[in-house]
Every structure is written in structure tokens, then in C-alpha cells.
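So the sequence lines, in the order shown, correspond to chains H and R.
The first sequence begins at 3 in the numbering used here and counts up by one.
The second sequence begins at 3 in the numbering used here and counts up by one.
Number of protein chains: 2
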Amino acid sequence: MASHKEGTGYTTAVAVIGLGSMGFGMAKSMKRAGLEVVGYDITQSAVERFLAEGGRVAATLTDAVEGADIVVSVVVNAQQTEAVLFGPDGIARAMKPGSVFISSATMDPAIARSLAERFEALGLHYLDAPISGGAARAAKGELTIMASGSPEAFAAARPALDVMAARVYELGDAAGIGAAFKMINQLLAGVHIAAACEAISFAAKQGLDLQKVYEVITASAGNSWMFENRVPHVLAGDYTPLSAIEIFVKDLGIVQDMARAERYPVPLVAAALQMYLAASGAGMGRDDDSSLARLYAQLSGAKLPSKG
Amino acid sequence: MASHKEGTGYTTAVAVIGLGSMGFGMAKSMKRAGLEVVGYDITQSAVERFLAEGGRVAATLTDAVEGADIVVSVVVNAQQTEAVLFGPDGIARAMKPGSVFISSATMDPAIARSLAERFEALGLHYLDAPISGGAARAAKGELTIMASGSPEAFAAARPALDVMAARVYELGDAAGIGAAFKMINQLLAGVHIAAACEAISFAAKQGLDLQKVYEVITASAGNSWMFENRVPHVLAGDYTPLSAIEIFVKDLGIVQDMARAERYPVPLVAAALQMYLAASGAGMGRDDDSSLARLYAQLSGAKLPSKG
């Protein structure tokens with residue numbers, strides 16, 4: 003692998019596992035910043051998109067991580083993360099000594115802890131580093147990363163973190179803490195989207211001027227980041243998935259499972275999750291999460307704007 | 003009543019019905035701005051507080067509104083508003099022709115419409131004008147007012163609106179629309195407080211650094227106006243009521259009743275309302291609405307900060 007860096011003659015080598023909308027953007031950011039990037043994905047179309055950007059790809063997982071200083075995993079969940087690390091073609095035994103695995107999937111903190119323990123026992127570093135910010139910010143290298151791990155893991159991951167993120171929160175010295183912060187964020191995000199949709203379709207049911215509702219609420223105590231961000235999709239009648247219903251079926255499901263295990267009641271999460279499940283069951287699972295507004299409208303006869 | 007105003011020799015005369023924390027501040031703002039203000043409250047301590055500020059008070063409702071150009075009603079709910087207007091000592095038949103009644107209580111829009119109709123039939127003007135902003139902004143004349151009513155009602159109310167509010171939304175030409183906007187705001191506000199408390203106590207249950215959670219969430223997609231505003235009460239362990247649990251028992255109750263009548267499902271409101279009811283039942287009804295965090299902690303053994 004090529005290797006040079008100002009003053010040292012060395013370029014950090016990075017493997018990106020998962021070239022979906024987030025992983026593709028993160029790989030692009032790192033390539034643009036001069037890191038030596040190799041990508042891997044099981045989906046041919048994702049591979050081709052990265053090749054078309056001038057990216058390098060590997061044919062197998064173990065090929066991808068050969069010689070890598072940093073492996074960034076941008077897969078969907080804990081199961082896929084475990085498969086990447088410890089599955090039949092798993093990378094845990096192929097990574098070079100002292101290298102770091104950056105795990106960005108949203109997962110139960112207990113699973114993050116357990117994966118990290120197994121991985122670190124091999125003499126490697128694990129950074130629990132869930133991401134937030136969406137595909138556009140991934141491509142610009144402006145993600146928010148909620149990270150925890152050993153000082154060695156942070157040090158080894160630094161060249162990738164610096165170019166992928168506008169903001170890296172260092173939340174603790176062990177895996178699981180980053181995951182726990184991310185789940186608190188997802189709890190709120192998922193409930194707020196559902197609340198925004200419950201409210202805007204209720205306003206529609208009453209025949210209120212929805213643009214005016216948006217204007218008043220975003221300037222009032224009822225505002226949320228999600229109301230401000232998602233309600234414009236409803237006003238435009240555009241449910242092109244920027245983030246899909248299924249993401250919150252997954253994430254609120256994790257929160258509910260964690261809470262049940264800890265004997266902690268989450269009535270708001272439970273109510274919101276039922277609405278995401280209903281939207282998915284009604285065929286909107288792959289549509290934008292603001293589709294909950296359409297679900298409320300279907301259930302009540304409220305009239306929402308259609309795509310203009 | 004005294005009467006002069008630059009250029010015209012006339013000072014607008016205002017009666018303020020209800021001198022609680024909001025009404026007191028609104029009366030003060032109008033007095034400071036040079037309006038001729040008379041206050042009324044059934045509670046002696048509220049009367050004395052206004053007298054101590056140099057305010058004038060009346061002994062009866064009908065005395066208070068005698069000669070008033072504008073009556074600002076700052077009572078708690080629809081029942082009290084109806085009693086002020088049409089009760090045994092009601093003001094509807096004592097107000098002078100062409101004067102305006104500004105109703106600030108949060109209520110079901112259908113009730114606002116019906117009160118306005120009865121009142122307007124007497125040749126008087128009714129402005130449906132729920133307020134938002136809290137006692138501190140009331141005292142500074144910086145409320146947000148969500149108003150609807152006839153052009154005549156707006157014109158007659160203008161001198162009072164201008165000095166009470168930093169922002170007056172003109173939402174439509176009939177009573178009920180202002181009320182409906184306010185209920186949409188309360189739906190979101192009530193759910194967001196409950197979500198903030200569900201989240202912060204869940205973070206506590208997991209042993210996370212709560213100051214760090216506040217820092218990360220307020221900079222992330224999980225943020226809401228209410229999370230940002232209320233969680234500091236929890237972090238300080240200070241549940242002095244700035245807004246009480248009972249306010250949302252009332253307001254989410256109104257939303258739930260409206261929604262039931264319109265055959266509109268509100269699962270998030272329903273879940274949140276149960277938590278406010280539980281907090282009230284557990285003895286926290288008059289405490290700050292962030293007391294929901296204490297309820298979650300009691301139910302789960304989570305440890306929250308205590309007052310330092």
C-alpha cells in the first residue's frame with residue numbers, strides 16, 4: 003500500500019466496510035483528505051458507485067483490511083458488526099497489530115461492550131463511535147461522532163475522526179458509553195418525529211394553515227430539531243427517504259429492549275414505536291420517517307399536501 | 003377614569019381580570035406603557051401584590067370593567083372564562099359598546115368559538131388570544147400571542163397587544179383559530195417535556211454523565227426547546243414550579259378530548275398524559291413539570307441529582 007505523510011513519509015491506510023449512503027460519504031471525505039482508502043461492500047451497485055468516484059475496492063473483507071491502520075465499519079446494526087468482526091470471513095484475525103476498529107452502527111451498549119471485549123482480547127483497539135448527521139454531512143466530513151474507548155483507540159483512530167467529523171465527543175474510556183449516548187439521542191429523535199407528525203396531521207384535521215403552523219411552532223416552546231427538519235417534507239408532500247421509517251423501527255426497538263432489560267418504563271417510546279410499526283405494516287417502511295404524518299392522516303381522514 | 007393620550011387627549015382604559023403570575027406581569031407591562039389599568043382578582047394576596055406595585059384594583063368584576071376599552075382575561079381555563087363573561091357577576095352586560103374582550107386562557111377551540119358567538123351577539127368584540135412565554139416575559143411585555151378574531155376585535159385590542167407582546171400572530175378572522183394553534187403547541191410541549199424526562203432519567207439509570215448528555219443532546223438532532231429549557235431543572239435537582247405538572251394534566255387533557263371528539267388518534271399525547279397524571283397522583287401536581295423525571299426515577303431506581 004502507498005505510504006507517505008508530510009514529514010513522516012507515511013500515509014494512514016483506512017478500510018471502509020459498508021459503502022451505503024453514510025459509508026460512501028465517509029470514504030469520500032477520507033480519500034479527499036489524502037488518506038489511503040480501500041472500500042468494501044457486498045452490494046455490487048455500492049461498489050460501482052465508489053469505483054466511479056475513483057475509489058479502490060477489495061473483493062473480500064479480509065483483503066480490505068490487509069495493512070489497514072484504521073477500519074471504519076459503517077454497517078447497519080449489531081448483527082452485521084459481529085459478522086464483520088467474527089463471522090466466517092471476519093476481520094478480527096486479519097487486522098494488523100495495534101490497528102483500530104471504529105464501529106459506527108447504532109446498537110445496544112451491552113452488545114458494544116461485549117464486541118469490544120472479544121476484539122480487544124486479540125491485542126487490537128475498538129472505538130465505539132456512533133455517528134449522527136445524515137448522508138450530506140457524511141460526504142462533507144461534517145458528522146457528529148459520539149465516541150468512547152481507550153486512549154489508545156482514540157489515538158489510533160484520530161486521523162480518520164479528524165476528517166470525517168465536525169465534532170467528536172469523547173464520552174468515556176470504554177466501549178458502550180458512545181452507544182448509550184446515541185440511544186438517548188435516538189429515543190428523543192424517534193419520539194419527536196412521531197410527535198411532530200401527530201401534531202401536524204392534527205392541525206390538518208382541524209383545517210389550520212399548515213405553513214402558518216410551521217412558522218408559529220418553530221418560533222415557540224413546542225419546537226424540536228425534528229419538527230423543524232421533518233415537517234417541511236410533509237408540507238411538500240415529499241416522502242423521498244432521507245431517513246426511513248425502518249430506522250426507527252430498529253432504533254426504538256433497541257431502546258425498548260434495553261429499557262425492558264433494565265426494568266425502566268418507556269411509555270413514550272412504546273407509543274411511538276407502535277406508530278412506526280404501523281407505518282411499516284401499512285407499506286411505508288422504506289419511505290421517509292415523516293411518513294408517520296401520512297399514517298395519522300390515513301387513520302383520521304386529515305388532508306395533507308400532496309407533492310406539487 | 004383618567005383619559006389622555008398624545009395628540010388625542012385620551013388614554014386607553016384596560017381592565018385585567020386575573021392577577022396571577024401571568025396577569026400580574028401583563029398588568030404591570032400595560033401600566034408601565036402608560037395605559038390606564040384596573041385589576042381584579044378573587045385572591046386577596048394577588049390583589050395586594052398589585053396594590054404594592056402602585057396598581058389600582060376594583061372590588062367587583064363589573065366595577066373593574068366599567069368604562070374599559072379593553073378587558074384582558076388572564077384566568078386559567080374555559081370554565082373560569084365563561085364565569086367571567088356570563089356568570090352571576092359576569093361582565094358581558096357591563097362592558098361598554100365597541101369594547102373588546104381579550105381571552106388568554108388555553109381552551110378547546112370549539113368552546114372559544116361558542117363563547118365568542120354569545121359575546122359578539124351583544125355588540126362587543128372578542129379576541130381569541132392565548133399567550134405563551136411565562137411570567138418573566140409577561141412582566142417584560144415580551145409574550146407571544148396566538149390571536150384570531152374579527153378585524154374590529156384586532157383594531158380595538160391593538161393598544162394592549164402592542165405593549166404585552168413581543169410577537170402577535172394574526173392567525174385568522176374568527177375565534178377558535180388562535181386556540182387551535184395554542185393546542186398544537188401544547189401537544190408538542192407536553193410530549194417533549196415527557197420525552198425529555200423519559201430520556202434524562204434513562205440516561206441516569208445507565209449511569210451516564212448527565213451534564214455531558216445535556217451538552218451532546220442540545221447539539222444533536224434529539225434536541226427540543228423543552229429539553230433545552232427543562233433538563234437544567236433536573237440537573238440542579240430544583241423542582242420549584244415555573245410551570246406545574248397540573249398545567250399539562252389540563253392541557254393534554256384538552257388535546258385528548260378534542261382529538262377523541264374528532265376521531266383523531268393521539269397515542270403520544272395519551273402516553274404523556276398518563277405520566278402527568280401519575281406524577282400528580284404521586285403528589286407532584288404543584289411541582290415543576292420537569293418532576294416527570296423524578297417520577298421515572300422513582301419507578302426505576304434511577305439516581306437523579308438532588309438540590310445542591
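Just so you know, even glycine gets a beta-carbon here, dropped at the ideal spot from N, CA and C.
Suppose contacts are defined by Cβ-Cβ distances below 7 Å. Is residue i in contact with residue j by that definition?
i        : j        : result
R:ASN187 : H:GLY41  : no
R:VAL18  : R:VAL78  : no
R:ALA182 : H:GLN258 : no
H:ALA159 : H:ILE104 : yes
R:MET109 : R:ALA80  : yes
H:VAL76  : H:SER116 : no
R:ALA274 : R:LEU301 : no
R:ALA176 : R:TYR128 : no
R:ALA162 : R:PHE121 : no
R:MET24  : R:ALA149 : no
R:LYS184 : R:PRO132 : yes
R:PHE250 : R:GLY180 : no
Counting only beta-carbon separations shorter than 7 Å, does residue i have a partner in chain R?
i        : result
H:PRO132 : no
H:GLU200 : yes
H:PRO234 : no
H:SER282 : no
H:PHE183 : yes
H:GLN258 : no
H:LEU210 : yes
H:ALA197 : yes
H:SER293 : no
In chain order, what residues of the same chain lie with their CB nearer than 6 Å to the CB of residue i, ignoring the 5 residues before and after it?
i        : result
R:ILE202 : VAL233, VAL236, ALA295
H:LYS7   : Because H:LYS7 sits at a pLDDT of 48, beneath the cut-off of 50, its placement in the model cannot be relied upon, and the point is left open.
R:ALA167 : LEU145, ILE147
For residue i, return the contacting residues in chain H, with the cut-off set at a CB-CB distance below 8 Å.
i        : result
R:ASN187 : VAL218, ILE219, SER222, ALA223, GLY224
R:SER108 : According to the sequence as given, residue 108 of chain R is Thr; it is not Ser. Per Cβ cutoff of 8 Å: no residues; R:THR108 is ~12 Å from chain H at best.
R:LYS207 : GLU264, TYR266
R:SER302 : GLU264, ARG265, TYR266, PRO267
Please work out which residues of its chain come closer than 7 Å, Cβ to Cβ, to residue i, disregarding the five sequence neighbours upstream and downstream, and give them in chain order.
i        : result
R:MET277 : ALA196, LEU294, LEU297
H:PRO243 : ARG288, ASP289, ASP290
R:GLU84  : LEU117
What does residue i touch in chain H if you count any residue whose Cβ is under 7 Å from its own?
i        : result
R:ALA360 : The shown model of chain R, from 3 to 310, leaves out residue 360 of chain R, and the question about it has no answer.
R:TYR171 : VAL218
Just checking: is the beta-carbon of residue i within a distance shorter than 7 Å of some beta-carbon in chain H?
i        : result
R:ALA177 : no
R:MET250 : The identity of residue 250 of chain R in the sequence shown is Phe, whereas the question assumes Met. R:PHE250 does not count as touching chain H.
R:LEU190 : yes
R:PRO243 : no
R:PHE204 : yes
R:PHE26  : no
R:TYR266 : yes
R:LYS305 : no
R:ILE19  : no
R:VAL193 : yes
R:HIS6   : Only weak support exists for where R:HIS6 lies, its pLDDT of 46 falling under 50; the value from the coordinates is given anyway. Not one chain H Cβ lies under 7 Å of R:HIS6.
Can you pull the chain R residues whose beta carbon is under 9 Å from the beta carbon of residue i, in chain order?
i        : result
H:THR146 : VAL218, ALA221, SER222, ALA223
Just to confirm the assignment, what range does the beta strand (DSSP E) spanning residue i have?
i        : result
R:VAL257 : Careful: R:VAL257 lies outside any beta strand (DSSP E), inside the alpha helix (DSSP H) at 247-263.
R:ALA149 : 145-149
H:GLY41  : 38-42
H:ILE72  : 72-75
R:TYR128 : 127-130
H:VAL102 : 102-105
R:GLU50  : Looking at the DSSP string, R:GLU50 is not in any beta strand (DSSP E); the run it does join, the alpha helix (DSSP H), is 46-54.
R:TYR171 : 167-172
Could you list which residues in chain R have their beta carbon closer than 7 Å to that of residue i, in chain order?
i        : result
H:PRO269 : ALA273, GLN276, MET277
H:MET228 : ALA223
H:LYS214 : LEU173
H:ALA261 : PHE204
So the alpha helix (DSSP H) residue i belongs to, where does it begin and stop?
i        : result
H:GLY192 : 179-207
H:SER31  : 23-34
H:ARG232 : 227-238
H:ILE219 : 212-220
R:ILE93  : From DSSP, R:ILE93 is part of no alpha helix (DSSP H); its letter is neither H nor E.
H:GLU122 : 111-122
H:ARG288 : It is not in any alpha helix (DSSP H) - H:ARG288 carries neither H nor E in the DSSP assignment.
Please return the same chain residues whose Cβ sits closer than 8 Å to the Cβ of residue i, not counting the five positions on each side in sequence.
i        : result
H:VAL268 : LEU189, VAL257, GLN258, ALA261
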